[in-house]
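Residue 752 in the numbering used here sits at position 50 of the sequence shown; the count goes up by one each step and never skips. From the three backbone atoms N, C-alpha and C, an ideal C-beta is built for every residue, glycine too.
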Amino acid sequence: MRIAVVCYPTFGGSGAVATELAIALAERGHEIHVVSYQIPFRLDRWIPNLTFHSVEISDYPLFRHHPYTLNLTNKLIELVDEYGVEMIHSHYAIPHAHAAWMAREVVRDRGQDVRLACTLHGTDITLVGRARGFLEITRFAIAKQDILTTPSACLANETAEHFGIDVNRIAVIPNFVDLDRFKPGGNEQVARCLRKGADPNSVILTHASNMRPVKHVTDVVRAFAVVRKRMPAVLALAGEGPDLPAAEELARELGVREDLRLLGNSERIEDILQVSDLFFLPSNAESFGLAALEAQACGVPVIGYAAGGLPEVVLDGQSGYLCPVGGDACMGTIAANLLEERDRYAAMCQAARVSAERFAPEGIITRYEQALAKA
Ligand code: GMT
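Below, the structure written as structure tokens:
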């Protein structure tokens, strides 16, 4: 197949999944054209059969906001013309599914055709797409796709409920993890850097995200403060986003600021996960939780909230624990208890890796390949 893969390039799950899927499909012999406004962060190697196309963004003094969707649409039309692209696979509906639909209208007007697939990733359905300013056009663009996929059954149900899509039209294809890259192990030097200035026996607790409100990063800090009262510990926060300053301020108020490690966006998140003792993901709506899967693959139990698709990824009581949304004290107590019971903790680390093995790439890529071929 000749496929245009449209995605966000920045740190975040949808861009990571889109890029890794694009690479895997190219390695299976498909001709892949990745389209975005900059090279996606996980597109870090040269792959035969895979070409990156940058969307040039038009600037003109009249435009208060750049009409990116139109530039993207134009690029997709060009790809159909120049490379004979047969399928546009959008990752994250807004505005990719809309641009794909417009591109198809244009090529159909010329007597050509292209098929449309869209993987809905999360807030395109649970938050942004449901906002009044996007709802109607998102409902339309989603309905026009030949195939829809979601990474969890939970997100498929939410799409059906809020966008009036027949749930049988949605293929649930979970995200996957490179089990050779994300594996137990760890570099002592990384651990030493994270513990610098703290007790050398500190446990390392980690959270990685785009620090948006949905991630409840202040709940991570509150849970950490509970653990910190019972044992030496540092909290590694990987990623950047709007709620980071509030998290830092709260850490100051709770007297744990000196135990916080603000790591920014990291291209090698596995280095941090591998030396972590526990991973926190207390989102109130998480369609899947790729970061939780990557942590488990590194043998790190996950403690989070029982919301969205996370229970499909983290097996409560086996590969981690899921507390009710808002239960930051619950997370902290469970974490501290677990870390104090070394045998139970060791068993859970092993179970975390086994849980992640359910999401090995091979079979999941095949499911995508089959779904795209059928569209
Ligand atoms: O939906 C978002 O907020 C962004 C999106 C992204 O681009 O990072 O994250 C979503 O997609 C990931 C990949 O499928 C999932 O692992 C995340 O759970 C999901 N985020 C949310 O649902 C909040």
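When you compare only the Cα positions, how much space is there between D868 and E788?
-> As a position in the sequence shown, residue 868 is number 166, starting the count at 1. As a position in the sequence shown, residue 788 is number 86, starting the count at 1. Approximately 25 Å between the Cα atoms of the pair.
Contact the region 985-1000 vs the region 893-906: 3+ CB pairs below 8 Å = As far as the Cβ criterion goes, the region 985-1000 does not touch the region 893-906, which means the pair count is below three.
Taking H918 as part of the alpha helix (DSSP H), name the residues at either end of that continuous run.
-> Indexing the sequence shown from 1 puts residue 918 at position 216. Neither: H918 is in no alpha helix (DSSP H) and is coded neither H nor E.
Decide yes or no for the touch test of the region 878-889 against the region 912-923: beta carbon pairs closer than 8 Å, at least 3 of them.
-> no
Going by the C-beta, is A873 closer than 7 Å to any heavy atom of ligand 1?
-> On the sequence shown, residue 873 is found 171 positions in, with the first residue counted as 1. Taking 7 Å as the cut-off, the C-beta of A873 does not count as close to any heavy atom of ligand 1.
Run the CB neighbour count on P902, radius 10 Å, all protein chains shown included, and call it buried at 16 or more, exposed below.
-> By one-based count along the sequence shown, residue 902 stands at place 200. When all chains shown are included, P902 counts as exposed.
Give me the Cα-Cα distance between A927 and G1034, rounded to the nearest whole angstrom.
-> Working through the sequence shown from its first residue, we reach residue 927 at position 225. Working through the sequence shown from its first residue, we reach residue 1034 at position 332. Taking the straight line joining both Cα atoms gives about 7 Å.
4-residue-minimum alpha helix (DSSP H) runs that sit fully inside the region 877-951, ordered along the chain = 890-897, 919-932
Which residue's Cα is closest to the Cα of S1052: R1069, Y762, G1019, A1073?
-> Your numbering for residue 1052 matches position 350 in the sequence shown. The question names Ser, yet the displayed sequence has Gln at residue 1052. Closest by alpha carbon: G1019.
Mind checking who E788 pairs with in its DSSP beta bridge?
-> Residue 788 sits at position 86 when you count from the first residue of the sequence shown. Answer is none; E788 lacks a bridge partner.
Residues of its chain near L939, where Cβ-Cβ distance is below 6 Å and the 5 sequence neighbours each way are ignored = As a first step, residue 939 must be located in the sequence shown, where it is residue number 237. So the qualifying residues of the chain are H909, L964.
Backbone CA spacing between F981 and V905 [nearest angstrom] | For the purposes of this step, residue 981 is identified with residue 279 of the sequence shown, where counting begins at 1. For the purposes of this step, residue 905 is identified with residue 203 of the sequence shown, where counting begins at 1. The alpha-carbon atoms of F981 and V905 are separated by roughly 11 Å.
Can you tell me which of T851, R954, N877, V757 puts its alpha carbon nearest to the alpha carbon of G1065?
-> Start at 1 with the first residue of the sequence shown, and residue 1065 comes out as number 363. The candidate whose alpha carbon is nearest that of G1065 is N877.
When every heavy atom of ligand 1 is checked, does at least one fall within less than 7 Å of the C-beta of Y1007?
-> Counting from one through the sequence shown, the residue named residue 1007 turns up at place 305. Answer for Y1007: no, Cβ out of range of ligand 1.
Give a single yes or no on whether L937 has its beta carbon closer than 7 Å to a heavy atom of ligand 1.
-> Against the sequence shown, residue 937 aligns to sequence position 235. Result no, Cβ not under 7 Å from ligand 1.
Buried/exposed call for E860, threshold 16 Cβ in 10 Å | Position 158 of the sequence shown, counted from the first residue, corresponds to residue 860. Burial call: buried.
Under the rule that 16 or more other beta-carbon atoms within 10 Å means buried, what is S760, buried or exposed?
-> As a position in the sequence shown, residue 760 is number 58, starting the count at 1. S760 comes out exposed.
Continuous alpha helix (DSSP H) stretch holding E1014: start and end = Here residue 1014 corresponds to residue number 312 of the sequence shown, with the count starting at 1. Residue range 1012-1015 is occupied by the alpha helix (DSSP H) that includes E1014.
Distance between A900 and W748 (C-alpha atoms, nearest Å) | Here residue 748 is taken as the residue at index 46 of the sequence shown, counted from 1. Here residue 900 is taken as the residue at index 198 of the sequence shown, counted from 1. When rounded, the distance between both Cα atoms is 41 Å.
Would you tell me roughly how many angstroms separate the C-alpha atoms of S716 and R832, rounded to the nearest one?
-> Within the sequence shown, numbered from 1, the residue matching residue 716 stands at position 14. Within the sequence shown, numbered from 1, the residue matching residue 832 stands at position 130. Straight-line Cα distance between these residues: approximately 18 Å.
Identify the continuous beta strand (DSSP E) that holds S756 and give its terminal residues.
-> Mapped onto the sequence shown, residue 756 falls at position 54. Start and end: 752-756.
So, S978 versus Y1007, is the Cβ gap smaller than 8 Å?
-> Numbered from 1 along the sequence shown, position 276 holds the residue referred to as residue 978. Numbered from 1 along the sequence shown, position 305 holds the residue referred to as residue 1007. Against a cut-off of 8 Å, the Cβ pair of Y1007 and S978 comes out as no contact.
Hey, how far is the Cα of D848 from the Cα of P1063?
-> Translated into positions along the sequence shown, residue 848 becomes position 146. Translated into positions along the sequence shown, residue 1063 becomes position 361. In a straight line, the C-alpha of D848 is about 24 Å away from that of P1063.
Rounded C-beta distance between T753 and H735? I'm assuming under 8 Å.
-> Residue numbering aside, residue 753 sits at position 51 when the sequence shown is read from its first letter. Residue numbering aside, residue 735 sits at position 33 when the sequence shown is read from its first letter. Right, their Cβ atoms sit about 5 Å apart.
Hey, would you say A953 sits closer than 8 Å to L962, going by beta carbons?
-> In the sequence shown, the residue the question calls residue 953 occupies position 251. In the sequence shown, the residue the question calls residue 962 occupies position 260. A contact, by the Cβ cut-off of 8 Å.
Backbone secondary structure at C709 - three-state DSSP | Counting from one through the sequence shown, the residue named residue 709 turns up at place 7. It is coil, neither helix nor strand.
Skipping 5 residues on each side, what residues in its chain have a beta carbon closer than 8 Å to that of A862?
-> Here the question's residue 862 lines up with position 160 in the sequence shown. These residues qualify, in order along the chain: D868, V869, I872.
How many whole angstroms separate the CB atoms of R817 and A1077, which I take to be in contact at a CB cut-off of 8 Å?
-> What you label residue 817 is simply residue 115 of the sequence shown in a count that begins at 1. What you label residue 1077 is simply residue 375 of the sequence shown in a count that begins at 1. Right, the Cβ-Cβ distance comes to about 5 Å (below 8 Å), so this counts as a contact.
Run of the beta strand (DSSP E) containing F982, from where it starts to where it stops = Translated into positions along the sequence shown, residue 982 becomes position 280. Taken as a continuous stretch (DSSP letters only), the beta strand (DSSP E) holding F982 covers 980-983.
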